[in-house]
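When you line the sequence shown up against my numbering, it's residues 181 to 239, in that order.
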Amino acid sequence: MDYVSALVPPVVMAAFFIGLVVTIIKSQGGPNKAKEDAAVDAAIARAESAPQSPRTDGV
């Protein structure tokens, strides 16, 4: 019976991990995809347009 108690935790963790991955994959896209994409595009544009200041820490 020791082998059963040794195998239960990995099997349970694997099942939860598979459930997490399936949930993440299913939640991609959908009705909010355009809004999420627009928010990411705006953040990238804001980061690219920010002026770059020279580093002064001697690196």
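Note that beta-carbon positions come from the ideal geometry of N, C-alpha and C, so glycine has one too.
Helix, strand or coil at residue i [DSSP, three-state]
i	result
M305	Residue 305 cannot be examined here, being either before or after the span of the chain that is shown, 181 to 239.
G199	helix
P211	coil
Span of the alpha helix (DSSP H), counted from its first residue to its last, around residue i
i	result
S233	Where S233 is concerned, there is no enclosing alpha helix (DSSP H), given that its DSSP letter is neither H nor E.
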